[in-house]
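In this note's numbering, the protein residues as written are 11 to 174.
One structure below.
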């Protein structure tokens with residue numbers, strides 16, 4: 011099985027997971043900005059991104075390249091500051107058209123939320139979204155720093171790929 015891990019990382023969490031995946035699988039590793047244009051030689055495509063501002067960061071890449079990767083095993087790895095699986099599911103549904111959503115396997119993994127490392131704009135977006143959130147649990151989760159980037163969070167992905 012030949013695979014590739016393509017990632018888009020803003021603050022480093024997604025990059026760390028992508029590196030761990032490449033080490034554990036032996037797959038090629040590329041940042042989104044430098045990935046090969048043709049993915050014909052790969053059986054497995056892992057797209058790693060984050061949930062940012064209510065959307066999946068790699069959604070445009072997936073949509074643009076879907077015709078050439080749709081017949082491959084495609085996994086989407088998502089880092090997020092959100093812990094609520096229902097919130098993550100809704101963001102994923104809003105980010106991908108149904109033909110992609112029904113054909114990929116999505117794996118939410120833990121993320122990192124460190125406010126003093128975020129840009130001014132990102133901090134204020136989070137505060138604004140939290141302010142308008144209807145659910146107290148979601149609001150509190152958005153305003154609480156955390157670091158849940160752990161290699162063990164990839165266990166489900168590796169099991170799915172029958173690697174271990």
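Note that the Cβ used here is the ideal one computed from N, Cα and C, for glycine as well.
Since the model is a prediction, treat every value here as computed from it, not as a measurement.
Candidates the options: closest to residue i by CA position
i	options	result
residue 28	81, 143, 96 and 120	120
residue 55	61, 62 and 47	47
residue 124	16, 51, 161 and 23	23
residue 69	16, 167 and 32	16
residue 152	36, 64, 103 and 59	64
residue 91	172, 21, 173 and 169	21
residue 144	86, 97 and 81	97
residue 156	59, 127 and 74	127
residue 1	135, 85, 74 and 25	The shown model of the chain, from 11 to 174, leaves out residue 1, and the question about it has no answer.
residue 102	81, 83, 59 and 161	59
residue 149	135, 82 and 162	135
Residue i vs residue j beta-carbon contact at 7 Å
i	j	result
residue 133	residue 159	no
residue 115	residue 67	no
residue 88	residue 61	yes
residue 79	residue 42	no
residue 44	residue 57	no
residue 76	residue 164	no
residue 12	residue 52	yes
residue 117	residue 167	yes
residue 14	residue 34	no
Cross-strand partners of residue i (DSSP beta bridge)
i	result
residue 54	13 and 83
residue 135	BP columns for residue 135 are empty, so no partner.
residue 60	89
residue 39	15
Next on the checklist: For the structure I just gave you, are there three or more beta carbon pairs, one from the segment 93-113 and one from the segment 131-142, closer than 8 Å?
Outcome noted: In short, these stretches do not touch, since the Cβ pair count stays below three.
Exercise for review: Can you check the segment 66-126 for any beta strand (DSSP E) of at least 3 residues that lies completely inside it and give the ranges in chain order?
Suggested key: 83-90 and 115-120
Segments of 4+ residues assigned as alpha helix (DSSP H) that fall wholly inside the segment 142-170: 146-152 and 165-170
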